[in-house]
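So the protein lines, in turn, are chains A, B, C and D.
The opening residue of the first sequence carries number 1 in our numbering; numbering runs sequentially from there.
The opening residue of the second sequence carries number 1 in our numbering; numbering runs sequentially from there.
The opening residue of the third sequence carries number 1 in our numbering; numbering runs sequentially from there.
The opening residue of the fourth sequence carries number 1 in our numbering; numbering runs sequentially from there.
Beta carbons: idealized from backbone N, C-alpha and C, even for Gly.
Down below is the structure, laid out as structure tokens.
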Amino acid sequence: MELVLVNLIDGLVTGLLLFMLSAGLTLIFSMMGVLNFAHASFYMLGAYFAYQISVYMGFWMGLLIAPPLVGVLGALVERYGLRKVHQYGHVPELIFTFGLALLIEEVVQFVWGRDTMPYDIPEILRFTAFSISGYAIPAYKIFMIFTSVAIFVVLLWVLTRTRVGMIIQAALSHPQTVEALGHNVPLVFMGVFGVGTALAGVAGVIAGPVLSTFPGMAVVLGSIVFVTIVIGGLGSLWGALVASLLIGWLTTFAKAYNIRAADILTSLGLTPPANVEESIWRDIWTVTSPQIADILPYILMVLILVFRPHGLFGKRDA
Amino acid sequence: MSEIARIPGRNAGLTPGMVLPWALAALFLAVMPLIFASNSAITIMNQMAITIIFALAYNMLLGQGGMLSFGHAIFMGMGGFMSVHIMNWVERYELPLPLPLLPVFGGLSGLALAIVVGSFSTRKAGTVFAMISLGVGELVAASSVIIVAFFGGEEGVSGDRTYGLPFFGIEFLRQIEVYYLTAAWLLISALLMYLWSRTPLGRMANAVRDNPERAEFVGYSARWVRFHSFCASGFFAGIAGGLFAINYEIVTEENLNLAQSGAILLITFLGGAGFFFGPIIGAVLFTLLQTVLSLHTDIWQLYLGALFVMTVMYFPGGLAGVLMMHVVPARLGRLHMLVMPYLRTLLPAAIGIAGLAGVLEIIFHRRNMATGDEEMTLFWITFDSTSPWPLAIALGVAAIGIWIARRTAPALREAWEAANRIDLPPSSEGRP
Amino acid sequence: MTAAPTTAPAALRIEGLRKSFGPTEIIRGVDLSIEAGERHAIIGPNGAGKSTLFNLVTGRYAPSAGSVFLNGQEISGLPPFRINRMGLSRSFQITNIFPRMTVFENVRCSLLWARGYRYSFWHMVGRSRELTEATEEILAQINLTARRDLPAGVLSYAEQRALEIGITMAGGASVIMLDEPTAGMSHSETDHIVELIRRVTEGRTLVMVEHDMGVVFGLADRISVLVYGEIIATGSPEEVRANPKVQEAYLGTTLEAG
Amino acid sequence: MRRTTRIGLGAALALSISAAAAFADTIKIAFIDPLSGPFAATGEQGLAQYRFAAEELVNRKGGVLGGKMFEIVPFDNKISPKESLIQLQVAIDQGIRFIAQGNSSGVANALTDAINKHNRRNPDNRVLFLNYSAVDPALTNDKCNFWHFRFDANADIKMDALTDIIQQDESIKKVYIIGQDYSFGKAVAAAAVRFLNEKRPDIEIVGNELHPIGKVKDFTPYARKIVASGADAVITGNWGSDMLNLGRAILDNGFTGPIYTYYAAADGITAAFGEAGDGSLKLVGEGQLNPPVSARADAYVTAFKKKYPNKDIGQPRIANVIEMLARAIEKAGSDTDIVAIAKALEGMEHDALFGGKVYMRPQDHQAIQDVHVLAHTNDGITHDFDNSGYGLKVEKTVRMAGMDSPTTCRMKRP
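The following block contains the structure:
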């Protein structure tokens, strides 16, 4: 029972981290109709920037400076790259962000090399916050939870209490009317792209020390973020939240418990082949849930798209 | 190569202008190995041919059908895996299947998988299609290391092409024999894909790409049109997979992973998705970059990434688009007006870009060199990379080159407009 | 599919048609019957639901309630391509063509299904002389022969409108529905397009939404007036003009234009 | 299609330039490993070690056969089997007869298969495959061939040695096995189960599981299970970021026992583990850097670090590859008679630069050598990795590990 609680906390951390990425991605998609393929690359940039800053000024300055830096970079990409491609339509936009993801990965390798960076948890957070019957919960996890929740409170406040937030909300629910609002739409676009990428940057800063800062970190997380917002429903912030937590818990629990395919298949009334080791189905029969935990979201996504093309909470498709 | 002669033969209304390119292509493919006889050149040409087929198949989706797929490699991979399995069965059970027919089975396997995936993925184009393709691609690639019985795990599945029945005395022991087999398939597949684009379905694929809703109001289900294109694309991708299996005699997880899917998108877009021959240019260029440029620099992928992003931003038509832009000035007989402005802008731009590349190379060398290996050679000049001068000179060359190019760019634009200015014929003046 | 039966069932019959978007009901019970060969115009103030009615009939939206019959067969709830195959074709208020294809291809694609090509990949479209000639003929009718090899997206607005009509009537549908064919056109362009419509809909059933009363009264045999999702009057131009409810709805101004 | 012509001509030009290799009187060794992409760092490390070994161990001593020098020619295979086969063809065309490769058993499988076919189809143009790092046991068992020589201990031999050492450690009662879900991870797990059951049937295997390779973001749930299982030791075959992340998650969640593994050093991993790994991380491998076995070895590493300050001798066996090849060429008296060279390598006994003997077992071409358990530590480290102060120190040694290990290889000799 205690293990369930511990896994709930672990899954929450993963889920919130995913949400920090998928929230920015959803904002950008809702406003601009662009699925930013390079979103996880900005997450990676956040981690690398923060590492570089932490070398000179420590972790906390990294947390403070790196996200705005990523945001500014994102805004520049929107202003000088995406806006140019916008005229050609959505498919070239998607291809542009795909190319951008490749380019950022190469640039990161050029600047920082291919090795894993020694970016680490700050000294002050290197202790066990509390234990649940022997399972240690590191303080850094609690810090991650609080940071992400704090950011969402701020985001929620901006969205519901400020003028800009109203415009964005309007854009979320009525995408076609944004143009008619009479606001400086290009500026709003640039701002939203900047904020979205800055959110990804924050995620990178706080995830870098625990999930390793290396050139492949964007690829590892990248496609899972798309999966999240597709499952949640494109353009739905609530959907993104629900899907993020769902995926966080799903993968955590699948890893934590050994569910065997053989058990499921036999419970479905199938009999295992006489000699499992030799059968051509051996790989299916011997699969266990930890083995496929991180593939489960993809299976979930395909199922959702087949049976509910708009996702869990989505109202529209692109 | 008798095939090309046969198919156009049925077409009574064919003009020499339509047959000539294909005849030339056949001739070209036939003489290439006489000019480049080394085994490595032939290996690279085989690789190009396979990539061309795959890229053309991919462009049936991207260029012709407006479907952006991030997971198309699974169809080529499936074709490859099935082909190599069949190769092994032929050997084990002594089946009477001559090797040259193997790609057909590769194609059919690709088709079968495409029917399954397409049944749910072609419902929508655009972002939803792209996301499904990504998800399915990830899924298949991930299961390829889990389902070892079929995919062979990390080491893949290998076979031996020479154990099959000799085909008219050819045993496919030598690279050159494999080359002609691949070239023949290239010609057949390219021709079939070209003809496909001329069929009602091929035309409607264009229409659905342009405006799926309107297509529905002229009687076609956009989904079914997409589904058919998708299946055909899967078939030809499978043929490419079959040829891959014959060439390398091994198929591994890399044939269906996301990197491969991404590469084919890059190839097709670089070459130009808007024109039938675009992917051909892309495939040839990419293979060369990959095999030749990578011999000269370690950061070739950085250049490739930059080239790709620049292409998307400034030349969304790809290289083929750039070439075709010159058709109008050429028809007007005004290409000569562009020569000098081009020289004035592109030459300094090229020098500037070379300078930039020089800067990157020097920095890269400085950081990765061994002590005592300060010397490096760049553009046939050998120098000490730790001295500040080469870096300063490269920076200077880059700055000056790009500055001149920017200064002369307006003149180029003007010349371009002058060369393209057509006075539209008035409405009444019809064409014959 | 080229000729509608001369007797009995109405070319288009609408019964109790309703459509709601969320809580708001846009079409609130429409009944209408249009005879074969008739030229019928639907008019009404902005926001009356004319385009929605069109979209319901042609399968773009599914109705909330009610039925639509084409030549006696029920078509409500069918997808657009099925309705089209049964002999109904429409144009759009906002130009809706295939912008990257040539003008020639635009028209030829609209002919394919009706000429029996279906999802065929064993025919070469370029080889069918019959298809090419039919396409050329339509191009001549809509006066776009000179533009045949240009991408449709670069045509002028009026030319695109003409192409839109060409695409709509190319398949030889018995019922043609035009959504504001003259919207945004100059006087001379309007005259031109009216002439075109008259010519190409000869012998077919025409249903059109139109704002320009000159066009409406010049073309239509009968007129229906749609106000707030209901048809308040149907009849000949004279009857409609005289109807007090119609005058009230239009505040007695616009109709004078006729 | 016509466009192919123009581009094709460009291709021709490029090909002829690249194929114009310098024709000096050297013995060329093709180094086919990743030199770009995510695994480039590992490839670059290997390349530096090869270049240094050729220079230091052969060329400085006057070469072989009375003055022929070794030259290492790098080929970038981008860790792709397909690219490797293309580069192999290019290398053969350049007249290269010796192919060195190590990263990825998938690539090694493709290469050994292709080389076997090439040698059969082109008997007058044969090549030799020097596998310095790919440890898939199949390469010297079912898939063995006469042209393939493995200089590293294979995964089974390493596990054999490791379990010998676990056997002596009475404090280990429960073992947890975890690995990447692919052939190597599975081979490690299977070998661990087999040897532990043989040698210490009393040890309980409290967990044996696989996770997707390169896809796991967060290893915490796995780490929780490991801690919860009460394991005294963990065995894993993970490498790269999967190794680093798994190791850190295990250690972060309060595990204090040993983590036995194969690849958790250099390429930034040693630095990233740093203090956290001290006392827990144990590697199985050959070659002794700390403490240095001899003044000669010490000087060799020092000279290497002087030339390549940012690289490490992560694969000490590369020195064996170069020295043994040089001896075989001398013995065969020819650098082109591949059969004679291969026969000279078979059964060769060699005093390794980094300690102990190497014996190239003739029945399967598997090098038999001392295998050590190496501790990740900063105590008593003469030659660290990643310039981090941390390095690998020999804790225990199994002499000539796997000398009589069985093999299913049926070598076909020409």
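For this session: Specify whether the segment 183 to 198 of chain A and the segment 62 to 74 of chain A touch according to this definition: at least 3 beta carbon pairs, one from each stretch, less than 8 Å apart.
Result: yes
For this session: Could you please tell me which residues of the segment 200 to 220 of chain A, in chain order, have their CB closer than 7 Å to any CB of chain D?
Result: L211, S212, F214, P215, G216 and V220
Problem set entry | Cβ separation of A:G46 and A:P67, assumed to be a contact under 8 Å, to the nearest whole Å | Between A:P67 and A:G46 the Cβ distance is about 6 Å, and since that is below 8 Å, they are a contact.
For this session: Starting from the Cα of D:L210, find the closest Cα among D:R200, D:E198 and D:A223 and give me that residue.
Result: D:A223
For this session: Could you tell me whether the Cβ of D:A22 comes closer than 7 Å to any Cβ of chain B?
Result: At D:A22, the pLDDT of 38 sits below 50, so the modelled position is not reliable and the matter cannot be decided from this model.
Exercise. For the beta strand (DSSP E) that contains D:D204, what are its first and last residues?
Worked result: As written in the sequence, residue 204 of chain D is Glu, which differs from the Asp given in the question. Note, D:E204: beta strand (DSSP E), E204 to H211.
For this session: Mind listing the chain C neighbours of B:F75? Cutoff is C-beta to C-beta under 7 Å, in chain order.
Result: Within 7 Å Cβ-Cβ: nothing; B:F75 doesn't reach chain C, min ~18 Å.
Exercise. Under a Cβ-count criterion, where at least 16 other Cβ atoms within 10 Å of its own Cβ denotes burial, should D:A11 be classed as buried or exposed?
Worked result: Confidence in D:A11 is poor, its pLDDT being 43 and thus under 50, which makes the residue's placement unreliable; the coordinate value appears in the next sentence. D:A11 should be labelled buried.
For this session: Express the C-alpha separation of D:D384 and A:G204 in angstroms, rounding to a whole number.
Result: 30 Å
Exercise. Quick check: the segment 278 to 295 of chain D against the segment 385 to 394 of chain D, are there 3 or more CB pairs under 8 Å?
Worked result: yes
Problem set entry | Runs of beta strand (DSSP E) lying entirely within the segment 222 to 251 of chain C, each at least 3 residues, in chain order | For the segment 222 to 251 of chain C, whole beta strand (DSSP E) runs of length 3 or above, ordered along the chain, are 222 to 227 and 230 to 235.
Problem set entry | D:A22 classed as buried or exposed, judged by whether at least 16 other C-beta atoms fall within 10 angstroms | Residue placement at D:A22 cannot be trusted, given a pLDDT of 38 that sits under 50; what the coordinates show is reported in the next sentence. By the neighbour-count rule (16 or more Cβ atoms within 10 Å), D:A22 is not buried but exposed.
Exercise. On the premise that B:N59 lies in contact with B:T268, defined as a C-beta separation below 8 Å, what is that separation, rounded to the nearest angstrom?
Worked result: 5 Å
Exercise. According to DSSP, what are the bridge partners of D:S229?
Worked result: DSSP, once it has assigned bridges, lists no residue as partnering D:S229.
Exercise. Taking the alpha carbon of A:I132 as the point to measure from, which residue in A:V306, A:V85, A:V4 and A:H310 has its own alpha carbon closest?
Worked result: A:V4
For this session: Could you name the residues of chain C that B:M204 contacts, counting a contact when the two beta carbons are closer than 7 Å?
Result: C109 and L112
Exercise. With distances taken between CB atoms, is the gap from A:K141 to A:V13 smaller than 7 Å?
Worked result: In contact: A:K141 and A:V13 (Cβ atoms closer than 7 Å).
Exercise. What are the residues of the segment 238 to 258 of chain D that lie near chain A, defined by any Cβ-Cβ distance shorter than 8 Å?
Worked result: S241, L244, N245, R248, D252, N253 and G254
Problem set entry | Whole runs of the alpha helix (DSSP H) within the segment 138 to 180 of chain B, excluding any shorter than 4 residues | List check, alpha helix (DSSP H) in window: 148 to 151.
Problem set entry | DSSP beta-bridge partners of D:Q101 | D:N131
Exercise. Excluding the five sequence neighbours on either side, which residues of its own chain have a C-beta within less than 7 Å of the C-beta of D:S36, listed in chain order?
Worked result: D76 and K78
Exercise. Any idea if C:H187 is buried or exposed, counting beta-carbon neighbours within 10 angstroms, 16 or more meaning buried?
Worked result: exposed
For this session: Determine the direct distance from the alpha carbon of C:S89 to that of C:R13, and round the result to whole angstroms.
Result: In a straight line, the C-alpha of C:R13 is about 15 Å away from that of C:S89.
Problem set entry | Exposure label - D:P123; buried when at least 16 CB within 10 Å | exposed
Problem set entry | Any C-beta of chain A under 7 Å from that of B:A37 | no
For this session: From the DSSP output, read off the bridge partner residues of A:Y135.
Result: A:I132
Problem set entry | Chain-ordered residues of the segment 72 to 92 of chain A with a beta carbon less than 8 Å from chain B | Of all residues in the segment 72 to 92 of chain A, those with a C-beta nearer than 8 Å to a C-beta of chain B are G81, K84, V85, Y88, H90, V91 and P92, reading in chain order.
For this session: For the segment 187 to 213 of chain B, enumerate the residues whose C-beta is nearer than 8 Å to any C-beta of chain C, in chain order.
Result: L195, W196, R198, T199, P200, L201, G202, R203, M204, N206, A207, R209, D210, N211 and E213
Problem set entry | Burial state of A:F19 (16 or more Cβ within 10 Å) | buried
Problem set entry | Three or more C-beta pairs below 8 Å linking the segment 132 to 149 of chain B and the segment 225 to 234 of chain B | Flag = no, the segment 132 to 149 of chain B and the segment 225 to 234 of chain B do not touch.
Problem set entry | Sequence-distant residues of its chain with Cβ nearer than 7 Å to B:T43 (five each side left out) | Q175
Problem set entry | Residue-chain proximity (B:S221, chain E), Cβ-Cβ < 7 Å | Protein chains A, B, C and D are contained in the structure displayed, whereas chain E is not.
Exercise. Alpha carbon to alpha carbon, how far is C:R100 from C:N106?
Worked result: C:N106 has its alpha-carbon roughly 9 Å from the corresponding atom of C:R100.
Exercise. Which first and last residues belong to the alpha helix (DSSP H) in which A:S289 is found?
Worked result: S289 to I292
Exercise. Can a CB atom of chain B be found closer than 7 Å to the CB of C:V125?
Worked result: yes
Exercise. So which of D:I368, D:D278, D:D379 and D:G279 has the shortest CA-CA distance to D:D160?
Worked result: D:I368
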